[in-house]
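Contents: one structure, followed by commentary.
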Amino acid sequence: MEGLFDYAPAIALFPLAAFVIALAFGPKLPKKGAIPGIVATGGSLLLSLAMLAAVAGGEEGYYHETLFTWAAGDAAGEIGTDAIEFTFGILIDPLAALMLVIVSLVAFLVHVFSLEYMNAEGETGLPRYYAGLGLFTFSMLAFVYADNLLMAFMFFELVGLCSFLLIGFWFRTRSAPSAAKKAFLVTRFGDYFFLIGVVAIAATFGTVQFAGEDSFVAAAAAAIDDGGQLFGFDAETWVTITGLLVLGGVIGKSAQFPLHTWLPDAMEGPTTVSALIHAATMVAAGVYLVARMFGYYALSPTALAIIAFVGGFTALFAATMGVVKDDIKQVLAYSTISQYGYMMLGLGVGGYVAGVFHLMNHAFFKALLFLGSGAVIVLMHHEQDMWKMGGLKDKAPVTYYTFLAGALALAGIVPFSGFWSKDEILYDALIVGLEQPLIMAAYAMGLIAVFFTGFYTFRMVFLTFHGEPRTETAEDPHSVGWAIKAPLLVLGVLATVAGLANLAPVAKLTGAEISFLEYWLDGEYGGLEALTYHSYHETVPFEEGAIGSETTTMLLGAGLSLGLALAGAFTAHALYNVPSPTRHTEKLGGAYDVLRSNYYQDEYQVWLAEGLTLPVARAADRFDQTVIDGAVDGVSSVSLFGGDRVKRIQSGIVTNYAALLVAGFIALLIVLGFLGGWFL
Amino acid sequence: MNDWIAIGALALVGLLIPLGMMAVSFLLRPSVPETSKRATYESGEVPTGGTRIRFNIQYYMVALLFLVFDIETVLLFPWAVVYQDALAAEEYGIVHALGPMIAFVVILLIGFAWAWRTGAVQWARTPEQVEAGADR
Amino acid sequence: MAVLELPQWTALAPALVFVATALALFVIDSINPHTRNRSLLAGTTAVGALAALGVTVWFMLAGVGTPTAEGGLGVVELFGGQFVVDQMTLFFTTVVSIVTALVAVASYDYMADHTYQSEYYSLIMLAATGMAAMAAANSLVTVFIALELASLPSYALVAILKDNRGSVEAGLKYFLIGALSSAIFLYGISLVYGATGHLQLEAIADNLDGADAYGGLLGLGILMLIGGFAYKTASVPFHFWAPEAYEGAPAPISAFLSSASKAAGFVIAFRVFTTAFPVEATTAVIGIDWTTAFVVLAIVTMTLGNFAAATQDNVKRMLAYSSIGHAGYALIGLAGLSADGGELVMGAAMMHLFVYGFMNTGAFLFVALAEYWGVGRTFEDYNGLARQAPVACAALGIFMFSLAGIPPLGGFWSKYILFTETIGAAGTNGAMLVVAAALVVNSALSLYYYSRLVKAVWIEDPIGERDALAQPIGLYAAIVVAAVLTVVALPAFGPIADAAQQAAAVAIG
Amino acid sequence: MDVPIEYFVLLSMALFSIGLFGILTRRNALLFLMSVEIMVNAANVNLIAFAFYHGNLTGQVFALFAMALAAAEVAIGLGIVLVLYRNFRDVDVTVPTTMRW
């Protein structure tokens, strides 16, 4: 099994090859590059599964190999090793193997789905689309198994680029390019902090490795134990600062408050792209990064609390906005933001397993929902407004039932996958929150968000599939083929049953050892000791409490969240599961406008950009144009003028030269003689 | 008394005698200004041309050669002074004492031979030589 | 190696080879007066220069000058310490002989129509002898004689185009300023002799403390010596001859003077000031650190040279001023000396002179080529030459960018090392920071006028129609070799740097 | 005879200054050359006086060399003055100003 790991680079290289093929030969290929993409992602999926097996069944249970050193120097860090190396390497541990499978699976399914969704209607630029998908898949997979922070950063940027390219796929429309730019700029804003964080970590610890003896995580732990100072701060404070800098990239990429505004706009891209990039994988990159270097965050309670609070707040905040959206994809976009908030909350309270569990489940059910919405859009001849749909249930049963499975998972209704993971997150938040007021607040927000989640999810389901058809297209929808149905079915099954991976409450109640994911991440089947759940769990500095007994707490939390989800669902049922639903917006009063305008997030960010940044930029530009350029131009003209004067000394008359020579000599003599005291 | 007084007196006398002679001559001689008296003396011939004439370039060449060998002699003197002592001394053999000077003279001779061959000491040129070296 | 068995005086073999070649040329001319056999004359010269180079390299490899402790043959002292052959000697003899060879090859074409062929080449050889002797001189007597031996043929060489008013004017100015400077230099020597009673450099250093009563006298003498060196290296305020001499002289001679002669001037300056006037002891006597003078001179020289070069229209004159600027850079090597070392700075300056020897020679040889073509003298006249002579113009690009210090060419590395070492020396002498700043500013300025020439040659359109350009084989060969050496200086930079640093360290002792 | 060394230095400095003055004021190339020779001789005076003062011969020998070199210098100088006259019809050193700035 161990030998399999030698093929690990191929996981990422297959899609890269697909990218090259699609780019070079795409227009000549029968499906414009879809086939190489499907083959490549299929190959990646198989290899990823093999990696999963290899991790589980191998001797060591992980794979960590430096493939290429592209820069090495003597620049010593503040502490740590006395030489720094920048390398490309592969780290496949249980977490990475799991993520590889998720990414390659979703990518594969999305490629298949694209075969019908994109290829159907004489779309132009398909090679560009498949090339983008290939490059994205390559970057994402490489990001997932990156073994150091710098390599992770590079591929983090590359996925951002692919996101930009694919959002702007329909670049002839007005909105797509602007959305692409927005996505790029907003995430770049976060990445800026990430980059500083990378540099800070490299400069501090002299290494950017995630794992092993000389990882920055280990170095940071050692530094905190030593109790020394780093750059004039306590070691822990410094770890917090650098961790939060890296978190900037996470917040941008995973669309957390306040950098979430790009994600709804990113829905301008093809729905397949939304499914792959803006729901299942790329957005997960941020959360994955936190999980990847969880050992580092675990060292800093402050950073964890901030992560948890941001997560909880984002979960509620985005969920409320999802309530009033009319566009099916917009609803899903806000739900995505909200769900990633949950994951952040889970990780922030130390619920490493819960966070990763939800990451996995969410990848399945959100990809499902997006692909489902894509199917709906196909059915509706590219109409996305839910008020123009209705009654699709009978005309497209496969789409309906798979979509319903995804919706139930999203809303967190037992026994669908989302319930198990969300419940675990909330449980972890609750037990920590009992000791920490701030976390309690985060928990409360997460809990309230459950209600909204249930509500908007079923509002969406009912508006789309139930009731009477509200338009002619809804009465006579387009048909969908197997290439759309097959991925939906696969994901539908997964969304339904993925919860089985970690039935923690059941395990606790029955004592059966069925929390497989926890064992998996805990290194039961192999892995690096330092990167295991229990190792993290020891590091996380939070106290845990309970209401009564542990089981009581668990049942209480589960019941509460399930109840709220059902409440939300039934509210939606009451309001919208009628033959011809109305908007009910007047009931919200003034809040409607606020929600409809996304809490004026865009407005205040635009104001920040235009009212604050722009004048500053103008002032800087003015400064650059006048002072800097003026100084530069001044220097050059003064130089030339001075040169013109200086050369006039050379009068051409040799006696003048002699006189000047003697004068210069005497001047030197006087200066030196005066300084040297020769005349005294 | 000082030795310097004698010197001073000598200088004084040396100055006074010519001045005195000039003064006496000035007082005694008749003054008859005439243009021919100002003419250049050319053995009674009527002078032609200006007083400034161009010397043959060969004067310059010969002067330079003279200068070179004149200076050579200057450098020979100190060598000659120590030559006997150097021979007498144990640590310097004849090669050591004579060799450098021979090298010096040989270099000079090469230079001299070259100057000779290229016509530096040729006082006048026959028409054939002028023809051959027209471009010089 | 066999060096051990040779008599001591053979250590001067490079200089002796030069002088023998000069005499051989005289003999050739004596046998066949006014010979115009250019191949024979230029060939003999080049072979002589290469033989000197070969001997020098052989000495280097054999370990002459390398301290015996490191397995070398040690420094060879000759004639009671009047001459010394150490690594610095060999290092600079290498520069001189390579430049001489290049100039000889280039002159084959450049001087093709000239009347005085053998005189020209033998004067070059005599000047080269002087420069090689300068590299070995270890007493103010030999320093002065060698300096004059290098200068006197140079005067004649500059003025050798007897019917060219520019050449004659250049020769006159060079000679007059040279005569004045050498008189000042000689007077400085006499004062130093008066103060210490010795002319041999180590002896001067040993007797410095006896000169306490003559502090002012010694100081004036040292200052006058600085004047003499400043003249030879074309540094302010003794630089006035340089623009005219380089502009008016035949271009290969300009190359020879601005590269080899300058390098030789620096080697004696380095040797005299490191051997005879150790900073600490001298400061105790004359009351002031003489590096102060070099700090001032370095800054003023590089600034003046670069500023004046920036506004030139005439390419050759621009190169002349840039040569002054580079003298300023090399002066840093002396400015950076201090009581506890400074060999790193001096080594860096030596490296710069080494690389400068090739790139500057090449640049002047390109001007020689342009003069050979008769395209004119100004930047505009050079417009668009690259279309007709891409190879030579590519070489020109290399020279210019290397002179400006653009990576990855040799000029960049030498300047970069010079800069870092200057910064390093700032620890003991704060004024070095100012020097480093001046170095950076001037390098930036120099890029302007160097790139201007490249732009003219490669980008601009020719002003008028130009006839097809000949491809003189000698000039081309010399330019290409110089370009190759400039580029090869890049991979070879490690050894060059080592050699320079070692030589400087040994010289400072 | 016991003339203090300072007198010789003063003499040589006077000579040197006279030579320098000549260089700065004279425009005739030959006078320029002569002035340089005066400066060289000032140095020679120094050398010989100091050789006597220090009691070693180095200075005297060096003075001989200096004279030889000065002569050589003059030889070259005269040659240059000659071609100067041929080209510019004058031996005024301030006349050739074709190259400047």
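As given, the protein sequences belong to chains C, G, R and S, one line each in that order. Numbering follows the numbering used here, with no gaps: position 101 of the first sequence is 101. Numbering follows the numbering used here, with no gaps: position 5 of the second sequence is 5. Numbering follows the numbering used here, with no gaps: position 490 of the third sequence is 490. Numbering follows the numbering used here, with no gaps: position 4 of the fourth sequence is 4. Even for Gly, the Cβ is constructed at its ideal location relative to N, Cα and C. Since the structure is predicted, the reported quantities are computational estimates derived from the model, not experimental observations.
Using beta-carbon positions only, say whether residue i and residue j come within less than 7 Å of one another.
i        : j        : result
THR66/C  : GLY89/C  : yes
GLY265/R : ALA170/R : no
PRO487/C : PHE233/C : no
VAL654/C : VAL45/S  : no
ASN361/C : GLY418/C : yes
GLY643/C : THR311/R : yes
ALA22/R  : SER167/R : no
LEU166/C : LEU105/C : no
VAL378/C : VAL246/C : no
LEU521/C : PRO94/C  : yes
THR118/G : PRO33/R  : yes
THR336/C : LYS366/C : yes
SER414/R : VAL355/R : yes
GLY336/R : THR301/R : no
With 7 Å as the threshold, decide whether the Cβ of residue i is near any Cβ in chain S.
i        : result
GLN650/C : yes
ILE7/G   : no
PHE175/R : yes
ALA659/C : yes
Helix or strand or just coil, what does DSSP make of residue i?
i        : result
TRP482/C : helix
GLY130/R : helix
GLN502/R : helix
ASN41/S  : helix
SER12/S  : helix
TYR63/C  : strand
GLN330/C : helix
Listing by chain order, which chain R residues have their CB less than 7 Å from the CB of residue i?
i        : result
ILE23/S  : LEU180
TRP114/G : PHE26, ASP29, SER30
ILE107/G : LEU23
LYS647/C : ALA308, THR311
Can you confirm whether residue i, when its beta carbon is compared against all beta carbons of chain G, has any partner nearer than 7 Å?
i        : result
ASP29/R  : yes
PRO153/R : no
LEU64/S  : yes
How would you list, in chain order, the residues of chain C whose beta-carbon sits under 8 Å from the beta-carbon of residue i?
i        : result
VAL236/R : GLY664
Do you know how far the Cα of residue j is from the Cα of residue i?
i        : j        : result
GLY355/C : GLY132/C : 29 Å
MET118/C : GLN436/C : 49 Å
PHE309/C : GLY295/C : 19 Å
ARG470/C : VAL324/C : 19 Å
ASP86/R  : ALA137/R : 11 Å
VAL461/C : ALA407/C : 7 Å
GLY197/C : SER139/C : 21 Å
HIS239/R : MET350/R : 20 Å
So residue i contacts chain G; which residues on that side make the cut at Cβ distance below 7 Å?
i       : result
HIS34/R : THR118
ALA68/S : ILE71, VAL74, LEU75
Determine the chain S residues that contact residue i at a beta-carbon separation under 7 Å, and present them in chain order.
i       : result
LEU67/G : ALA71, ALA75
Just the chain R side, please: which residues come within less than 8 Å of residue i by C-beta, in chain order?
i       : result
MET93/G : The sequence shown places Gly at residue 93/G, rather than the Met named in the question. Per Cβ cutoff of 8 Å: no residues; GLY93/G is ~13 Å from chain R at best.
Given that residue i touches chain R, what residues does it touch there, using C-beta distances under 9 Å?
i        : result
ARG111/G : One detail in the question is off: residue 111/G reads as Gly in this sequence, not Arg. Here the neighbours are LEU23, PHE26.
Report the neighbours of residue i on chain C: residues whose CB is nearer than 9 Å to its CB, in chain order.
i        : result
VAL3/S   : Result: empty, since nearest Cβ-Cβ is about 24 Å, beyond 9 Å.
ARG100/S : LYS647, ARG648, GLN650, SER651, GLY652, ILE653
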